[in-house]
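To start, the structure itself, in structure tokens.
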Amino acid sequence: MARAWKFGNDIDTDVIIPGRYLVINDPEELAKHLFEGIRPEFAESVRHGDIIVAGTNFGCGSSREHAPLAIKAAGVEAVIARSFARIFFRNSINIGLPLLICADAEKIDDGDSVVVDISRGIVQNISKKESYPTTPLPPFLQEIVRSGGLLNYTKKQVVRA
């Protein structure tokens, strides 16, 4: 069971990880600054396995990978939103951070207890005793995420060949 951290629409990469930290390349160090401009308590309070829930266009803005890297390093299990910026989506899958598109994301409140079944594309809201379908990742993207990202997935494919 995970805690849901709720965010709104158009959360851009500068909100996720402020630009002044782009000189940092260590994901764990980046994670210490997640959302500090809008939720200063987030970095210290988020726990391994928690999820982020958002509205539309999550991850808009720049194409840098720092934002999904910091989210993954903080131990976030998945990000669930009504929609994602395309480059953020791609960067997230490439580093092994699962994203799920959920039309009912707004029904999940901040602090709700949820269980996410990434492979089936189901979010169970334990707090409200409701379930919400998501658009599950296609099997090959799920395999990339399970492998820990595109680089690890590619290494496995080379070894198999």
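At the far end of the sequence shown sits residue 161, using the UniProt record's numbering, and the numbering has no gaps. Note that CB positions come from ideal geometry on N, CA and C, so glycine has one too.
query = Closest Cβ-Cβ distance between Asp14 and chain C: below 9 Å?
reply = Any reference to chain C falls outside this structure, which holds one protein chain only.
request  = Under 8 Å Cβ to Cβ from Glu143, same chain only, skipping five residues before and after it: list those, please.
outcome  = Tyr153
message = Assuming Ala70 is part of the alpha helix (DSSP H), what are its boundary residues?
response = 66-73
request  = Run the CB neighbour count on Thr135, radius 10 Å, all protein chains shown included, and call it buried at 16 or more, exposed below.
outcome  = exposed
ask   = Can you name the start and end residues of the alpha helix (DSSP H) that Tyr153 belongs to?
value = 150-160
message = Considering just the uninterrupted stretch of the alpha helix (DSSP H) at Glu28, what are its terminal residues?
response = 27-31
ask   = Apart from the five residues just before and just after residue 166, which ones in its own chain have a Cβ nearer than 8 Å to its Cβ?
value = For residue 166 there is no data in the structure shown, the boundaries of the chain being 1 and 161.
inquiry  = Do Arg3 and Gly75 count as a contact pair if the criterion is CB distance below 9 Å?
reply    = no
Nearest to Phe140 (by Cα), restricted to the options Ile122, Ile51, Pro98 = Pro98
request  = In the DSSP assignment, find the unbroken beta strand (DSSP E) run with Leu99 in it and report its ends.
outcome  = 99-101
ask   = Which stretch, first to last residue, makes up the alpha helix (DSSP H) that contains Arg86?
value = 86-95
ask   = Going by the beta-carbon positions, is the gap between Ile95 and Leu69 smaller than 9 Å?
value = yes
key: Own chain, CB closer than 8 Å to Lys156, minus 5 neighbours either side, in chain order   = Ser147
request  = Evaluate Leu100 with the Cβ neighbour count: other Cβ atoms within 10 Å of its Cβ, from every protein chain shown; 16 or more gives buried, anything less gives exposed.
outcome  = buried
task = Flag this pair as touching only if the stretch 59-66 and the stretch 39-51 have three or more C-beta atom pairs under 8 Å; answer yes or no.
result = no
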